[in-house]
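Peer 1: What follows is a single structure, and I will ask about it in a moment.
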Amino acid sequence: MEKQFSDLPESRQQQLMAFDRLLTIMDELREQCPWDRKQTMESLRHLTIEETYELSDAILENDLPEIQKELGDVLLHIVFYAKIGSEKAEGKSYNFDIKDVLHSISDKLVARHPHIYGDFVADSEEAVKQNWEKLKLKEGNKSVLSGVPGSLPALVKAMRIQEKARGVGFDWDEKQQVWAKVEEELHEFKQNFNIETADVIDQKEAEGEFGDLLFSLVNYSRFVDINPETALERTNKKFISRFQYLEEASKADGKSLGDMTLEEMDIYWNRAKALGV
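Numbering (our numbering), first residue to last: 45 to 321.
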């Protein structure tokens, strides 16, 4: 039996009222605003990707007020897609609204957590993950890897591929084995493409070997609980911060980057490191 609104705790009532307010505003904007009326799922797609990256940046910075703001932007897009999905149009054979979206994800969560809502026993995170992948195959997925979006950035995709393979037991046992694979791939790359010689290399073959090396490094990162995407993005941000210090500090000293030697630039770079930039 479903709970009545009046029976819910006050905090849940406030949450539902806030969600209802957003749905009401979305209805009004879709009807009255020229820009909102014009939007389609296709026109919103690139904006949704942008908002997702902005949320990712805020999470990396651990900026809670900004995370709150960006979550709102992402939620707006979900509500917007659902509103468009509910509208009848010529040639449109399927409709859905936010209720259907919410019930769909709720049904999936219940089905994917039989250790909570059924009689399956899972006493570890790994057991939950493995059963999750098995359930997805039973639901009709032709491959364990079919759930990895083709448009994911390569680094994230490598991590997701490995995680899903691990979910059905296709993985190394120990991190030492994985590191040995990293060293093997590095040795192969160095052996075939010796940087100390001026020999012309086969770019396609080199790219393949370098890809193998990166893939093995991503594999190792999982075994030491490092998210490679997060690690690389933090390094990107660190490089940007130090390089911008180099630009500003050298300019303040009346110098131009284009006229400086690498050794001169290194002085500012090392100063940035010492300052914790």
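Ideal Cβ placement from N, Cα and C applies to all residues, glycine included.
Source: prediction; values computed, not measured.
Do Glu253 and Phe233 count as a contact pair if the criterion is CB distance below 8 Å?
Peer 2: Here residue 233 corresponds to residue number 189 of the sequence shown, with the count starting at 1. Here residue 253 corresponds to residue number 209 of the sequence shown, with the count starting at 1. Yes, the Cβ-Cβ distance between Phe233 and Glu253 is below 8 Å.
Peer 1: Quick check: the segment 88–104 against the segment 270–284, are there 3 or more CB pairs under 8 Å?
Peer 2: The answer is yes - the segment 270–284 touches the segment 88–104, with three or more Cβ pairs under 8 Å.
Peer 1: Give me the residue from Ser168, Glu170 and Leu153 with the minimum Cα distance to Gly162.
Peer 2: Here residue 162 refers to the residue found at position 118 of the sequence shown. Residue Leu153 is the option with its Cα nearest to Gly162.
Peer 1: Assuming Ser87 is part of the alpha helix (DSSP H), what are its boundary residues?
Peer 2: Translated into the one-based positions of the sequence shown, residue 87 becomes position 43. Unbroken alpha helix (DSSP H) run through Ser87: Met85 to Leu104.
Peer 1: How many Å lie between Thr274 and Gly135 at the Cα?
Peer 2: As a position in the sequence shown, residue 274 is number 230, starting the count at 1. As a position in the sequence shown, residue 135 is number 91, starting the count at 1. Spanning the two alpha carbons is a distance of roughly 43 Å.
Peer 1: State the start and end residues of the unbroken alpha helix (DSSP H) segment that holds Phe214.
Peer 2: Residue numbering aside, residue 214 sits at position 170 when the sequence shown is read from its first letter. Taken as a continuous stretch (DSSP letters only), Phe214 belongs to no alpha helix (DSSP H), as it is neither H nor E.
Peer 1: Select from Met70, Gln76 and Ala133 the residue whose C-alpha is nearest the C-alpha of Gly116.
Peer 2: Residue mapping note: residue 116 aligns to position 72 of the sequence shown, counting from 1. Considering only alpha carbons, the answer is Met70.
Peer 1: With a cut-off of 8 Å on the beta carbons, I'd call Ala318 and Arg286 a contact; round off their distance for me.
Peer 2: One-based indexing of the sequence shown puts residue 318 at position 274. One-based indexing of the sequence shown puts residue 286 at position 242. The pair is not a contact, with the Cβ atoms about 11 Å apart (cut-off 8 Å).
Peer 1: In angstroms with no decimal places, state the Cα-to-Cα distance between Ala166 and Ala155.
Peer 2: Residue 166 sits at position 122 when you count from the first residue of the sequence shown. Residue 155 sits at position 111 when you count from the first residue of the sequence shown. Whole-angstrom Cα-Cα distance: 14 Å.
Peer 1: Hey, would you say Phe49 sits closer than 8 Å to Gln58, going by beta carbons?
Peer 2: The residue given as residue 49 occupies position 5 in the sequence shown. The residue given as residue 58 occupies position 14 in the sequence shown. Their beta carbons are not under 8 Å apart, which means Phe49 does not touch Gln58 by this criterion.
Peer 1: Tell me the start and end of each unbroken alpha helix (DSSP H) in the segment 157–226 that is at least 4 residues and wholly inside, in chain order.
Peer 2: If we require 4 residues or more, the alpha helix (DSSP H) runs fully inside the segment 157–226 come out as 158–161, 169–182 and 198–211.
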